[in-house]
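Notes to accompany the following structure.
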Amino acid sequence: MRILAIFRGEMLILRRNLWIFMATLIMLAFALALSFAGSAPTGTLGVDMLTVSVASMTTLSVYLAPLLALMMGFDAVSGDRDRGSLALLLTYPAGRGEILAGKFLAHIAALTIAMVIGFGAAGVIAAWFGGAGANSLLALARLVTTSIILGAVFLVLGYTLSALAGSTTAAAGLSAGLWLVFVVLYDLALLGAVVMDSDGTFTQSIFPWVMVANPADAFRLWNIAASESVALSSGMAGAAAALPGWAAPLSLLAWPVLGFLLARAAFRKVEP
Amino acid sequence: MMDNTDGNPVLKITGLDKFRGKTQVLHGVDLSVKPGERLALLGHNGAGKSTLIKAVLGLIQTEGGTISICGANPGSESARTDTAFLPEAVSFHPALTGHEQLAMFARLSGEKPDIKSLLQRVGLADAMHRRIGAYSKGMRQRLGLAQVLLGRPKLALLDEPTSGLDPISRQDLYAIIDELAGNGTAVLIASHALTEVEARTDRIAILRHGVKVADDTLADLSKKAGLPVKLRIRAAESHADQIAQQTGGRRINGASVEILCAPQDKMAELRRIAALGDVVVDIDMVPPRLEDLYRHYSNEELN
Chain A
521 MRILAIFRGE MLILRRNLWI FMATLIMLAF ALALSFAGSA PTGTLGVDML
571 TVSVASMTTL SVYLAPLLAL MMGFDAVSGD RDRGSLALLL TYPAGRGEIL
621 AGKFLAHIAA LTIAMVIGFG AAGVIAAWFG GAGANSLLAL ARLVTTSIIL
671 GAVFLVLGYT LSALAGSTTA AAGLSAGLWL VFVVLYDLAL LGAVVMDSDG
721 TFTQSIFPWV MVANPADAFR LWNIAASESV ALSSGMAGAA AALPGWAAPL
771 SLLAWPVLGF LLARAAFRKV EP
Chain B
3 MMDNTDGNPV LKITGLDKFR GKTQVLHGVD LSVKPGERLA LLGHNGAGKS
53 TLIKAVLGLI QTEGGTISIC GANPGSESAR TDTAFLPEAV SFHPALTGHE
103 QLAMFARLSG EKPDIKSLLQ RVGLADAMHR RIGAYSKGMR QRLGLAQVLL
153 GRPKLALLDE PTSGLDPISR QDLYAIIDEL AGNGTAVLIA SHALTEVEAR
203 TDRIAILRHG VKVADDTLAD LSKKAGLPVK LRIRAAESHA DQIAQQTGGR
253 RINGASVEIL CAPQDKMAEL RRIAALGDVV VDIDMVPPRL EDLYRHYSNE
303 ELN
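Put into structure tokens, the structure is as follows:
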């Protein structure tokens, strides 16, 4: 199986470059730091410590999952092309879609390892010290799963930029820009629009949909809407309530598929 | 044993045109390579050799003409299965070992070769479990050659295969190429190293500014070009001047005279020299080399 051949090669590379180790370490460090720092307000909200921990880790993951994914994905095509190894690879019978799929599986496996270990450790510690109910465990499982999907979105967007960029350096720059737009500027622009909006039509009917179209916001909304207590402790219940329940999951699940098709189309145009 | 002279060509290119922006980099190139044939593709940098190879591999789009690899279109799955490629200055991911890289290529092509003996054959037995990042340029080139030998390619495209190899390795490389051709693979070698391909290929094609200006065996190219044969006569003591005068040749040092003559006049000239008697001590005949032919064909219309 050709996808598997690419997958195995990429896994070796990720392991040898210590990428899996580094990504796991980063997730672990941030998740643990947040769990301990965020343990203070538990009493006042009347929820267990794991719930608070999941709420703060949701915020963390919005920034970190896209960042880790883009860092893994930005040189997927441009790196091979700059090195000169892409031309040879493309003369083998594997199709370009298969090559991307193999790389994607390896990268998503690495992200999964990092997310499960990082968030899992934080969850275990929060449960140990502050207790955890069935609901908060479910919220943790949802956080891990959606974080991986969010990572998938930015992996395939990273591949797209990597195929479109003229060089690895350009791909790195474009990826940083993409991260900034989706994770920071998009929300700022929306906030600005809400403030400017005088009669409230935009804020009430358009704003939630524009917001959920962004995968990072869809991730946030999904985690918040699904868990009342998480919404409570993150204070974002308003936007979630204005949308039907399927909106955020649909957006977050559609993005990786569309992104992959986009990446494949861009990769097909690459002349090594 | 395969019949190496007849049979349909493995690679058949007709009227190939390729543009880079507004510049035409290939002009109606026709080329074919038969099973077991070794074709040298010569030309200056930028003559279009690598472009032609990339077109055959289906890595770039072309604007006119047709390419067929065993009847299949370039870049199609069957064409890619039949073709092996050694890029100029081949490169791999530095984090993988030679063995791992070759194993990946084998899985991609659906072959189950003995990777260890393949690496031994190209002289990488000791380095196969080291990372490619620590390989020298010559070792990477050997690894590139090893992946050409995976499976049984019907067509092998080698772009400057000897770049970065020391003289001994070059000998090994051509031995392996001969073996490939012996097994019926059509081999196309793009090269600058004229003296090497001279003795090691069956046919020579020359590209100049994207136009094919020559395509024949060395002997026939030489005949067509009509380049002079060089006769070098060593004269007996102090007779060099006399011989130079009598033959119309040119004295090149104290005791030798050089005569240029057309290929068809060679025998007549030899008889004339023999008639000079004892004053001629020795004679060497130097036919035109590929270097002279290459200069002749690749500059023909410029002069």
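As you go down the protein sequences, you meet chains A and B in turn. Under the numbering used here, the first residue of the first sequence is numbered 521, with each subsequent residue one higher. Under the numbering used here, the first residue of the second sequence is numbered 3, with each subsequent residue one higher. Even glycine gets a Cβ: it sits at the ideal position worked out from N, Cα and C.
- [ ] Could you confirm whether any beta carbon from chain A is found closer than 8 Å to the beta carbon of THR85 of chain B?
- [x] yes
TODO: For PHE94 of chain B, go through chain A and note every residue whose CB falls closer than 7 Å to its CB, in chain order.
DONE: SER605
Open item on the list: Please tell me whether, using a cut-off of 7 Å, the distance from the CB of SER725 of chain A to the nearest non-hydrogen atom of the ligand MN is below it.
Closed with: For the structure depicted, the ligand MN is absent and the ligand set is empty, with no information on it obtainable.
- [ ] Give a yes or no on whether 8 Å exceeds the smallest Cβ distance from LEU532 of chain A to chain B.
- [x] yes
- [ ] Report yes if the CB atom of GLY638 of chain A is closer than 8 Å to the CB atom of MET569 of chain A, and no otherwise.
- [x] no
TODO: Starting from the Cα of GLN122 of chain B, find the closest Cα among B:ILE134, B:ARG144, B:LYS139, B:PHE107 and give me that residue.
DONE: B:ARG144
Open item on the list: Using only the alpha-carbon positions, how far apart do ALA629 of chain A and GLY146 of chain B sit?
Closed with: 30 Å
Open item on the list: Check this for me: beta carbons of ALA257 of chain B and ARG291 of chain B, under 8 Å apart or not?
Closed with: no
Open item on the list: Any C-beta of chain B within less than 9 Å: which residues of the stretch 670-693 of chain A qualify?
Closed with: none
TODO: Taking a Cβ distance cut-off of 7 Å, strictly less, list which residues of the stretch 592-616 of chain A are near chain B, in chain order.
DONE: ARG603, GLY604, SER605, ALA607, LEU608, LEU610, THR611, TYR612, PRO613, ALA614
TODO: Check whether the stretch 778-788 of chain A touches the stretch 675-692 of chain A, counting contact only when three or more Cβ pairs, one atom from each stretch, lie closer than 8 Å.
DONE: yes
Open item on the list: Rounding to the nearest angstrom, what Cα-Cα distance links LEU684 of chain A and GLU791 of chain A in this structure?
Closed with: 11 Å
Open item on the list: Determine, for ALA786 of chain A, whether the minimum Cβ-Cβ distance to residues of chain B falls below 8 Å.
Closed with: no
Task: Extent of the continuous beta strand (DSSP E) run through GLN26 of chain B - done: 25-35
Open item on the list: Please report whether the beta-carbon of ARG252 of chain B lies at a distance below 8 Å from any beta-carbon of chain A.
Closed with: no
TODO: With DSSP as the reference, please indicate the residues paired to ALA207 of chain B in a beta bridge.
DONE: B:LEU43, B:ASP217
Task: Contact set between the stretch 524-552 of chain A and chain B, restricted to residues whose Cβ is under 8 Å from the partner - done: LEU524, ALA525, ILE526, ARG528, GLY529, LEU532, ILE533, ARG536, ASN537
- [ ] Leaving aside the five residues before and after GLY755 of chain A along the sequence, list all residues of the same chain whose C-beta is less than 8 Å from its C-beta, in chain order.
- [x] Bear in mind that a pLDDT of 47 at GLY755 of chain A, under 50, signals an unreliable position, so the model cannot answer this.
Open item on the list: Once DSSP output is grouped into helix, strand and coil, what is the label at ASP294 of chain B?
Closed with: helix
Open item on the list: Relative to the C-alpha of ALA626 of chain A, which candidate in A:ALA736, A:LEU534, A:GLY615 has its C-alpha closest?
Closed with: A:LEU534
Open item on the list: Taking contact to mean 3 or more Cβ pairs, one atom from each stretch, closer than 8 Å, check whether the stretch 765-778 of chain A and the stretch 160-180 of chain B are in contact.
Closed with: no
TODO: Excluding the 5 residues preceding and the 5 following LEU663 of chain A in the sequence, name in chain order all residues of the same chain whose CB lies nearer than 8 Å to its CB.
DONE: VAL574, MET577, THR578, SER581, PHE639, ASN743
- [ ] Mind listing the chain B neighbours of ARG662 of chain A? Cutoff is C-beta to C-beta under 7 Å, in chain order.
- [x] In chain order: nothing, as chain B lies at least about 35 Å away.
Task: Sequence-distant residues of the same chain with beta carbon closer than 8 Å to THR99 of chain B, five excluded per side - done: MET130, HIS131, ARG132, ARG133, ILE134
Task: Within chain A, the residues that MET106 of chain B reaches when beta carbons sit closer than 8 Å - done: ALA525, ILE526, ARG528, GLY529
- [ ] Just mark ASN185 of chain B as buried or exposed, buried being the case when its beta carbon has 16 or more other beta carbons within 10 Å.
- [x] exposed
- [ ] Confirm, please, whether the CB-CB distance from ALA736 of chain A to VAL714 of chain A is below 8 Å.
- [x] no
- [ ] Please state whether DSSP places ILE55 of chain B in a helix, a strand or coil.
- [x] helix
- [ ] Residues of the stretch 52-85 of chain B with a CB closer than 7 Å to any CB of chain A: list them in chain order, please.
- [x] LEU59, LEU61, ILE62, GLU79, ARG82, THR83, THR85
Task: Limits of the alpha helix (DSSP H) - the one that ARG740 of chain A falls within - done: 735-746
Task: Where the alpha helix (DSSP H) containing GLU79 of chain B begins and where it ends - done: 79-84
Open item on the list: Less than 8 Å between CB atoms is the rule here; does PRO89 of chain B satisfy it with respect to chain A?
Closed with: yes
Open item on the list: For ILE15 of chain B, count the other beta carbons within 10 Å of its own beta carbon; 16 or more makes it buried, fewer makes it exposed. Which is it?
Closed with: buried
Open item on the list: With distance defined between alpha-carbon atoms, name the residue in B:HIS298, B:SER138, B:LEU262, B:ASP294 nearest to LYS286 of chain B.
Closed with: Note that residue 286 of chain B is Asp in the sequence shown, not Lys. Ranking B:HIS298, B:SER138, B:LEU262, B:ASP294 by Cα distance to ASP286 of chain B puts B:LEU262 first.
Open item on the list: Here's the rule: buried if 16 or more other CB atoms are within 10 angstroms of the residue's CB, otherwise exposed. What is ASN305 of chain B?
Closed with: A caution first: ASN305 of chain B carries a pLDDT of 42, below 50, which makes its placement in the model too unreliable to give a value.
Task: Supposed close pair GLY604 of chain A, ALA136 of chain B - CB separation, criterion 8 Å - done: Contact doesn't hold; Cβ gap of about 18 Å is too wide.
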